[in-house]
Structures are given as C-alpha cells and as structure tokens.
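2 protein chains.
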Amino acid sequence: MRREDSEIVRELPLFRGVELENFRTLIAAGYVQRFPTGTVLIHEGERPDFLHVLVDGQIAFFASHNDREATVSILTPPAAFILAAVIVDGPYLKSARTLSSSTTVVLIPAGAVREVFERDTGFARATVAELACRYRTIVKELKNVRLRSSSERLANWILTQASQSGGCGTFRLPFEKRALASRLGMRPENLSRALAELAEAGVTVDGPMIRVGDAAKLIAFSKPNPLIDDPTS
Amino acid sequence: MRREDSEIVRELPLFRGVELENFRTLIAAGYVQRFPTGTVLIHEGERPDFLHVLVDGQIAFFASHNDREATVSILTPPAAFILAAVIVDGPYLKSARTLSSSTTVVLIPAGAVREVFERDTGFARATVAELACRYRTIVKELKNVRLRSSSERLANWILTQASQSGGCGTFRLPFEKRALASRLGMRPENLSRALAELAEAGVTVDGPMIRVGDAAKLIAFSKPNPLIDDPTS
DNA sequence: ATCTTGCCTTGATTTTTATCAATCATTGTA
DNA sequence: TACAATGATTGATAAAAATCAAGGCAAGAT
C-alpha cells in the first residue's frame, strides 16, 4: 500500500484514535485495489470479508428486489464503508458499484478489524461514533423520502450541493443524471421535468452545470430542514 | 424503581454485559415513568437528557415536516431507544408518542450513560452491536419503502406478524389501523382498500383480527426477502 | 465525415397514491 | 337509551409518479 493511501485511512475519524501499533496491523493486513466505472464491488446478500475504505472516486450503494433497483446512498471519499456488516458479521444489505473510473479502495480483512476492535478501546469508541452518525444519516434519508415530494428532494439536494461547492452558486453534477435520479428516488424522466420546473425557483441547467440564480427563492421553495438536510446535526 | 423494572433493563442485550457496579450506578440515577395513550415523550429537535428504555406498552416514532407526518418505526418492549442521539449528543431526529395506555419507560440520565460508556468496555461493545443492528434495521426499512408498493409492504408486514404470533395464522393488530397505515407509509383509506384487495391472497379481516387463510398464496403475493424482512439478518 | 451509442429530454398515457366527502360502526358517556 | 366522538370504510376525484414511445444531442468509433 502506498504511504499516501494509508495516510488517508489514518486521517479518518474512524482510525484517528486507533493505537499506532494496531493501526499498523490493520494496514499490514490490508491492500489497495483500483476499479473501472460500473464495477460491482459488493453483492447484496454476501458475507463481508473486508472493511472497505473509499480513497478516490465514487461509489453508489443500491439494492434490488422485484425487478426494481434503488440507490440508497452515494459515497464520496474519504470514507469507510460496510462497517456495520463487518461488526455484526451479517450479510450485506446493499450492493455497491463504482460510479467513476479508477475508483480506489483500501480493503482490510474483516477478521483483523474485529480483533483490533476487541482490544483497542479507541477504535471501539470511534466505531460507536461512526455507527451512530451513519444511523442518523439514514434516519434523515428516510424522513426525506417520506416527508417530501420528489421535486422537493431535488431542490434540497441542489441547495446542499451548491452550499458545499463554494459560494458562487454554480456547480457541476458530481455524477450522471440518472444516478442522481436514482439517488433521489425518482425516474430520469421525472428528474428532467423537475429540473425544468425549478427554473421558476431560479435554477438553470446547462448539461451537467447547475446554477442557483436566486438562493432565497430556492430556499423558499425547498423549505430546508436541518433535521433532514444538515449532515452534521 | 421496582426490582421488576430494573431486571427487564438488565436483561436487554445492551445492558447484559455491563459490570454490575456500573449497572447499579445507571439504575440508581434512573427512574420510571408511566404515561397514558398519546403522550409525546420526545420532541424532534430537542436535546437528549435521558436514555429511555421501553418496559411496557408501545411507542411510535414519527417526524413532521411541511404539514406532513410520517411514522418511522413502532417499538415494542423491552427495548432501549434514542441511544444514537445520547451517544453523539445531537438533537432528536424523531418525536415519540405512546400508543397504549400505561406505557412504562425507564429514564437514565444521558450523562450517566456517557460516563459508564467511557469506562465500561462491555457496555461500549454492546452499544456497538445495538447501533449496528439499528442501522441495519433502518436500511431494510428504506429498502422496503423504495422497492415495494404500499400493498406489498402491507402483505409482508402481515406475513411477518403472523409468523411472530404463533402458527395459527390469526392475530390481532397490535395497534390501530391508522397507526399501521402511517407505519407502512400509506393513508388509512388506502390501507382499507389494500386489506380488501388482499382477500384475493386469502387474507380475511374482521375488525382488528387478521386471518391468513392460505400462507402459500400470501407468500406468492408478498415475495418476502430476508434482506428486507428478516429482523435477525 | 458519417455512424453508432449512450444519455437526456419531451410528450402521451397509465398506475399509484393522496385527498375530499360522506357514511357506517363502535365505544364510552350523559 | 340516546348521543357524541372516534375510527374505519367506501366512492369520487385529483395529484404524483411511473411507464411507454419518440426524438435529440454529443462523444467516440468506423
């Protein structure tokens, strides 16, 4: 593993509190892999062999049932994933596929993770914090789905994205529109229509570029709620 | 606190591994309260003062936004709740109201919980397991919402309920139909209609009594999926 | 340059779900 | 016993979202 990659892992809140010796054990057992776009890294229902850390690129988590497919979340680096499955040693509930070329992932054997978890209280504590945050993130997502229409979800997503991409009000979609549609629980056709509707709220679209012309107007339409939209709350 | 109540708490997976001394500290700091139907115990957005343990009765967790209300989950005893909010010391993401008369709750001050969490590795480990399971439960619920129609959700809920209520295929709804409707993400009107449709799958309804006449038929309609429906997976 | 491919968009239609309105049943109360 | 009050049901209608069917556009291939 390149020093660069292991340092990214080390800087994650999940690993920052791990004793150096234990961290080295984890890194020694782990390795790096790089994948092209569209690779399915994880298959729903299988058993977790590795704790994964996304170092570069993007990953979509999705689930399939009944000829339908739903994107549950999209992960951006750096971030660990499938921690819960590794901890309870239960089957994956979601599949994962890469959304960008040369997506880089660090793989740490599940057994090593569980061993260090047992003897390193710093890691155990960080695991609790990580799981608690993940849990709260999904609760928010469930509220998002149940309490909002699809165009409201879109409007709030744009608002969040715009504020994260610096103040200028213009940003580039970080992935394809159909991935966004699935992430927001809508069909690509309806995403197109919803984007067109948002012109009334001052949002203009040019290919992958989104411009929030009038933030106040978009906020009035979106009615953002920190208990749904604020990732830090 | 009655010995009876503290023993229920002690038997929970979350507390079973706590050192006796620490457990006594928690119980000494805690107390019991009993509430009538419809009491809102917890208000979305407020800060957690207590870890709660449901000892008797039923509690619905719901969230409000935009003149809408959605039930996120319904809890049956014995079970601890709002653990994640206590751990991260973040605002409640959901409100909670009692669904049954004389709902009994044990309240343990959040500070005491955090203190014991810091020094008791058994508790820390149990917390991890609890949070990981909760996380996975919500992932399943999100899949349930995103991958199924409302009548499919209903059919699978009935299937689960029937199997948990012993083999006879008849059971009583554990709460009012409108609570069930909200739990399943549908309107009471549509729950009525969906129940009527399920007659084709051998389900008969008489007030609060549900009878699964032909399990095979209902399974064929429901298409249950352990990665959504199995609470233990 | 032309063609193919994949993605996005647009319009028409169907399905699903919510909403509105009215009625019925049950329960607890005066 | 009659009488609210509450919850459940039913029917009619509206809104939201999915589906089906064409086209359009741009990037890469031939």
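Top line first, the protein sequences correspond to chains A and B. So the first sequence is numbered by UniProt numbering: it starts at 1 and just counts up by one. So the second sequence is numbered by UniProt numbering: it starts at 1 and just counts up by one. Don't be surprised by glycine CBs; every beta carbon is placed ideally from N, CA and C.
If you measure from the beta carbon of residue 122 of chain A to each beta carbon in chain B, is any gap under 7 Å? no
Please confirm whether residue 217 of chain B has its beta-carbon closer than 7 Å to some beta-carbon of chain A. No, because no Cβ of chain A sits closer than 7 Å to the Cβ of residue 217 of chain B.
Residue 177 of chain B at chain A interface by Cβ criterion, 7 Å: For residue 177 of chain B, the answer is no, since every Cβ of chain A falls outside 7 Å of its Cβ.
Relative to the C-alpha of residue 183 of chain B, which candidate in B/22, B/23, B/73, B/218 has its C-alpha closest? Among B/22, B/23, B/73, B/218, the Cα nearest to that of residue 183 of chain B is on B/73.
Quick check for students: name the residue ranges of the alpha helix (DSSP H) that lie wholly in the region 129-185 of chain B, counting only runs of 4 or more. 150-164, 177-183
For chain B, check one thing: does any of its Cβ atoms lie closer than 7 Å to the Cβ of residue 127 of chain A? For residue 127 of chain A, the answer is yes, since a Cβ of chain B falls inside 7 Å of its Cβ.
List, in chain order, every chain A residue whose beta-carbon is nearer than 8 Å to that of residue 145 of chain B. 142, 145, 146
Looking only at DSSP bridge pairs, what is residue 98 of chain A linked to? A/59
Does any residue of chain B bring its CB to less than 7 Å from the CB of residue 17 of chain A? no
Using a Cβ-Cβ cut-off of less than 7 Å, list which residues of the region 52-86 of chain B approach chain A; keep chain order. 63, 65, 66, 68, 70, 72, 84
Opening and closing residue of the alpha helix (DSSP H) in which residue 89 of chain B lies: Note, residue 89 of chain B: premise wrong, no alpha helix (DSSP H); not H, not E.
Could you check whether the Cβ of residue 131 of chain B sits closer than 7 Å to any Cβ belonging to chain A? yes
Going by other Cβ atoms of all chains shown within 10 Å of its Cβ, with 16 needed for buried, is residue 176 of chain B buried or exposed? exposed
Assuming residue 46 of chain B is part of the beta strand (DSSP E), what are its boundary residues? Residue 46 of chain B -> no beta strand (DSSP E), and no H or E assigned at all.
Classify residue 37 of chain B as helix, strand or coil using the three-state DSSP reduction. DSSP places residue 37 of chain B in coil when its eight states are reduced to three.
Strand pairing of residue 121 of chain B, partner residues [DSSP]: Looking at the DSSP output, residue 121 of chain B bridges to nothing.
Checking 7 Å against the spacing of the C-beta atoms, do residue 95 of chain B and residue 44 of chain B come in under that value? yes
Roughly how many whole angstroms lie between the Cα atoms of residue 80 of chain B and residue 157 of chain B? 23 Å
Exposure of residue 18 of chain B, with buried meaning 16 or more beta-carbon neighbours within 10 Å: buried
Can you grab the Cα-Cα spacing for the pair residue 85 of chain A / residue 190 of chain A, in whole Å? 34 Å
CA-to-CA distance, residue 195 of chain A to residue 150 of chain A, given in whole angstroms: 11 Å
Might you give, ordered along the chain, the residues of its own chain that have their beta carbon closer than 6 Å to the beta carbon of residue 42 of chain A, omitting 5 neighbours on each side? 92, 95, 96
Across the region 21-29 of chain B and the region 109-120 of chain B, are there enough close Cβ pairs to call them in contact, namely three or more that are closer than 8 Å? yes
Chain B residues whose Cβ lies nearer than 9 Å to that of residue 31 of chain A: Ordered by position in chain B, no residue passes the 9 Å Cβ test against residue 31 of chain A, which lies about 25 Å from the chain.
Establish whether the CB of residue 222 of chain B and some CB of chain A are separated by less than 7 Å. no
Reduced DSSP category for residue 109 of chain B - H, G, I as helix; E, B as strand; rest coil: strand
Once the 5 residues before and after residue 38 of chain B are set aside, which same chain residues still bring their CB inside 7 Å of it? 97, 98
According to DSSP, is residue 67 of chain B part of a helix, a strand, or is it coil? coil
Applying the 10 Å Cβ sphere with the 16-neighbour rule, what's the burial state of residue 57 of chain B? Within 10 angstroms of the beta-carbon of residue 57 of chain B lie 16 or more other beta-carbons, which makes it buried.
Hey, quick one: how far does the beta strand (DSSP E) through residue 206 of chain A stretch, first residue to last? Per DSSP, residue 206 of chain A belongs to the beta strand (DSSP E) from 203-206.
Within 10 Å of its beta-carbon, does residue 130 of chain B have 16 or more other beta-carbons around it, so buried, or fewer, so exposed? buried
Residues of chain B with CB closer than 8 Å to the CB of residue 115 of chain A, please, in chain order. The contacting residues do not exist; residue 115 of chain A stays about 13 Å from chain B at best.
Taking the CB atoms as reference points, tell me whether residue 87 of chain B and residue 75 of chain B lie closer together than 7 Å. no
Taking only three categories from DSSP, how would you classify residue 73 of chain B? Residue 73 of chain B: strand per DSSP, three-state reduction.
In whole angstroms, give me the CA-to-CA distance for residue 134 of chain A and residue 82 of chain B. 14 Å
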